[in-house]
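Read through the structure below, which is laid out as structure tokens, and then see the notes.
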Amino acid sequence: MGILKTLLTLPHKQMCKQVPPILLEYYMHAACFACVAADVTKAESIPFMSEALRDAVDDLVQAKYIGKLCGTWLPIMVVVQSIFELGMKMRPFADDASDAPAGGPSTGYLPNHFVTFGQIQERLVRFAPDKDPDCESPEAAIVFRNAATLYLWSLLEWPNVSTPPGSYANFMKNAYKVALLQLSRISEFSSINKVLCWPLLIIGCFAKTAKVKGIITSRLLSIAGRFKVGNALETLFLLQHVWGLPFERRNPWMVHKSIRETRCCGCVCSDCMSRLFI
1494 MGILKTLLTL
1504 PHKQMCKQVP
1514 PILLEYYMHA
1524 ACFACVAADV
1534 TKAESIPFMS
1544 EALRDAVDDL
1554 VQAKYIGKLC
1564 GTWLPIMVVV
1574 QSIFELGMKM
1584 RPFADDASDA
1594 PAGGPSTGYL
1604 PNHFVTFGQI
1614 QERLVRFAPD
1624 KDPDCESPEA
1634 AIVFRNAATL
1644 YLWSLLEWPN
1654 VSTPPGSYAN
1664 FMKNAYKVAL
1674 LQLSRISEFS
1684 SINKVLCWPL
1694 LIIGCFAKTA
1704 KVKGIITSRL
1714 LSIAGRFKVG
1724 NALETLFLLQ
1734 HVWGLPFERR
1744 NPWMVHKSIR
1754 ETRCCGCVCS
1764 DCMSRLFI
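If you read the sequence shown in this note's numbering, its first letter stands for residue 1494, the second for the next number, and so on.
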């Protein structure tokens, strides 16, 4: 508490330079959730971020920081913010009541969108988990990377709308399957699970079978039972709402609507808790 009180007395830029890395890790997880919770069609800035905070995080990335809450995938959490920034420029998925989701950004595709998309995709493809023995779970890094990949590519089209077979559908299906495979290799008893709620939320938007939904539900309940951080129950409440939507209308970029429409998100009363097992 003494550190926090001291930091709060400092000017913002100086505070960002003095923030302990563990707090920056925690903050970046919160920022990832904030991006999903925000309506990108109305957002004017990246949630929770400032230039000074971004500089502090970039310094950790350059130093190849390995953290307790971000393993080796701090660069991926930075990429998530770049994806949201691209989303603000593309303004996809206007919030309407249409029964048939319309694909593509409301602004139309612009050359700069393609360039930025390609740059972000290159950062994701080039990312490889550090083989440092201090890294607890390289599989978790791949889960996070593939969740970010699904988040990025969902900008291009409603990802679950039936489309003719092709490179887009195949790429999305492969990213999803690899994420689930890597998740299966992480023990439910591993402490790394406590920081997997964000990728589980993204991956859950693509879950179609009862088996996969059960795997994600079990993992989130396990996290909620073993750790006091991670927003596991809140994540599960959101996914229960998402899974109640028609499959073609499930999209990571529309989770903000589920947040607004889930009136008892995170409540632990007997009535709300029972919904987790429906």
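Built from N, CA and C at the ideal position, the CB exists for glycine as well.
For residue i, which residues from the same chain have a beta carbon less than 6 Å from its beta carbon, with the 5 sequence-adjacent residues on both sides left out?
{"i": "residue 1717", "result": "1725 and 1726"}
{"i": "residue 1692", "result": "1636, 1637 and 1640"}
{"i": "residue 1529", "result": "1748"}
{"i": "residue 1565", "result": "1559, 1622, 1623, 1628 and 1634"}
{"i": "residue 1751", "result": "1731, 1734 and 1735"}
{"i": "residue 1632", "result": "1675, 1678 and 1679"}
{"i": "residue 1681", "result": "1715"}
Quick one: is residue i buried, meaning 16 or more other Cβ sit within 10 Å of its Cβ, or exposed?
{"i": "residue 1687", "result": "buried"}
{"i": "residue 1577", "result": "buried"}
{"i": "residue 1659", "result": "exposed"}
{"i": "residue 1574", "result": "buried"}
How many angstroms separate the CA atom of residue i from the CA atom of residue j?
{"i": "residue 1604", "j": "residue 1711", "result": "43 Å"}
{"i": "residue 1592", "j": "residue 1699", "result": "Low per-residue confidence applies at residue 1592: pLDDT is 47, beneath 50, and the placement is therefore not dependable, though the value from the model is reported in the following sentence. If you take the alpha carbons of residue 1592 and residue 1699, they lie about 19 Å apart."}
{"i": "residue 1654", "j": "residue 1694", "result": "19 Å"}
{"i": "residue 1730", "j": "residue 1618", "result": "31 Å"}
{"i": "residue 1753", "j": "residue 1665", "result": "27 Å"}
{"i": "residue 1677", "j": "residue 1570", "result": "22 Å"}
{"i": "residue 1536", "j": "residue 1644", "result": "17 Å"}
{"i": "residue 1610", "j": "residue 1668", "result": "17 Å"}
{"i": "residue 1607", "j": "residue 1580", "result": "12 Å"}
For residue i, list the residues DSSP reports as bridge partners.
{"i": "residue 1564", "result": "1560"}
Identify, in the order they occur along the chain, each residue of the same chain with its Cβ nearer than 8 Å to the Cβ of residue i, setting aside the five sequence neighbours on each side.
{"i": "residue 1838", "result": "Residue numbering for the chain in the displayed model covers 1494 to 1771; residue 1838 lies beyond these limits and cannot be assessed."}
{"i": "residue 1661", "result": "1646, 1649 and 1650"}
{"i": "residue 1568", "result": "1554, 1616 and 1620"}
{"i": "residue 1527", "result": "1540 and 1541"}
{"i": "residue 1549", "result": "1509, 1510, 1512 and 1517"}
With 8 Å as the threshold, decide whether the Cβ of residue i is near any Cβ in chain C.
{"i": "residue 1714", "result": "Of the chains in the structure shown, none is chain C; there is only one protein chain."}
Please work out which residues of its chain come closer than 7 Å, Cβ to Cβ, to residue i, disregarding the five sequence neighbours upstream and downstream, and give them in chain order.
{"i": "residue 1706", "result": "1700 and 1736"}
Exercise. Are the region 1507-1525 and the region 1728-1744 touching, with three or more C-beta to C-beta distances below 8 Å?
Worked result: no
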